[in-house]
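Accompanying notes for the structure given below.
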Amino acid sequence: MNNEFTLFIYSSLLVAYFGLFYLLFHKMNVFLAKESREHFKTQLVCRATKYPLVVLAVVVPLCPAILYLQELVGFEGRSLKTLMVVFHLSVLTWWLHNVIAAFEGYFLRKPDRDQTTASAVAKVAKIVLYSVSGMVFLSQLGVNLSAIMTFSGMSGLALGFAAKDIVANFMSSLVIHWENQIKLGQWISSPDEDIEGIVRAINMRTVEIERFDKYPMFVPTSKIVSMSISNHSKMSNRRINEHLGVRVMDVKLIPVITEKLQNYINDSILLDQRHSNFVYLNKVAASSMDLWVNLYSRSVDWVHFQSIKQQMLLDMIEIIEGCGAELAYDVVELKDLPENTQS
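For the sequence shown, our numbering begins at 1403 and goes up steadily by one.
What follows is the structure, encoded as structure tokens:
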């Protein structure tokens, strides 16, 4: 009779438990369906809690029943209790992993956030989480942690020599995140190696670079740290460095041409007037006089810069032709000889 009453009480509590869980789960789904900037952090935590909560809701009610059956049968041992503790720790680790991943995804979706730092912090947090969880699991299973630490200390030196490249890449990835010289989405290149493209991922061992031909390139982080890197995304201006050749016969027009070109450059709103924008006669060749054009555009966007460069060069060519001069070409001009020189 006592067992039947206990079973009745447990069944009633189980029905009430699942009823309350259904209401809570329904309220959570309604809350998550609403996009709110004021409660976005709470929503991230709720999304991370959703599935671990379902697992707990199903398994937790079974724990008292398992313990009751253990006492009823008379089974002695800590295996079932240990199993339940490990299960709860696993769900807790799962939930913390989801929370870290949710906040990492949130920061990676925001263009105004430092995505590289967010990714690095998330990776370090996951490593710490897995390390602590692993030690707690081993402790619950009765493993002697001090023996493991002693063994790891003795074998660490041998493993260090065997995996020195992996260790070097791991430490280099930390240096990249710490110095913050390159970030996700930036355009980088190296004068030392045939490396150029957009940074897509900074992992613990490699840096993923998307080349402009759309092929992915995976470069070891130790190589990135040791070689020279040009970060094109951090430039403040783009430079127009060109030479315009004018015919030698138009030498008397050079002062007028350079003056008009300089006035045009000084009045251009496409150029950054804080820098030295100029045009001067730089070289006198056999068939041309080269005008050196050195300009700095306001825009650093590659496509827009090409449009600015084209417009500036066409306008300057028009100014040169408007002064009565022409551009020099590598051609041979044949003229008729005077009649008294013909034989």
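Even glycine gets a Cβ: it sits at the ideal position worked out from N, Cα and C.
- In this model, Q1713 and S1670 are separated by some 11 Å (Cα to Cα).
- Counting only the Cα atoms, I1600 lies some 7 Å from R1613.
- Across the structure, K1452 and S1628 are spaced so that their CA atoms are roughly 45 Å apart.
- Excluding sequence positions up to five before and after M1619, its CB lies within less than 8 Å of the CB of I1597, G1599, E1610, I1611, E1612, R1613, all in the same chain and listed in chain order.
- Here the alpha carbons of M1691 and N1684 stand approximately 8 Å from one another.
- When secondary structure is reduced to three states using DSSP, I1568 falls in the helix class.
- Within the model, the alpha-carbon separation for E1506 versus V1621 is close to 24 Å.
- The three-state secondary structure of E1506, taken from DSSP, is helix.
- Remark: three or more beta-carbon pairs, one from each stretch, lie closer than 8 Å, so the segment 1639-1657 and the segment 1674-1688 are flagged as touching.
- C-alpha of K1654 to C-alpha of G1726: approximately 11 Å in a straight line.
- Under the three-state reduction of DSSP, V1686 is assigned to strand.
- Restricted to the segment 1576-1612, the beta strand (DSSP E) segments that are unbroken, complete and at least 3 residues in length are 1589-1592, 1597-1604, 1608-1612, listed in chain order.
- In this structure, DSSP gives F1620 an extended state, which the three-state scheme calls strand.
- In the displayed model, H1677 falls within coil according to three-state DSSP, outside both helix and strand.
- Apart from sequence neighbours up to five positions away, the residues of its chain that approach I1721 with a beta-carbon distance below 8 Å are I1659, K1662, L1663, Y1666, ordered along the chain.
- Going by beta carbons, A1459 and N1500 fall outside the 8 Å limit.
- For E1644, there is no enclosing alpha helix (DSSP H); the residue is part of the beta strand (DSSP E) that begins and ends at 1640-1649.
- Around the C-beta of P1454, 16 or more other C-beta atoms lie within 10 Å, and the residue is accordingly described as buried.
- Assignment of beta-bridge partners to M1691 by DSSP yields V1648, V1686.
- Leaving aside the five residues that flank S1632 on each side, the residues in its chain whose CB is nearer than 8 Å to its CB run, in chain order, I1590, S1591, S1592, P1593.
- Only exposed fits N1643, as fewer than 16 other CB atoms lie within 10 angstroms of its CB.
- Judged by DSSP in its simplified three-state form, Y1666 adopts helix.
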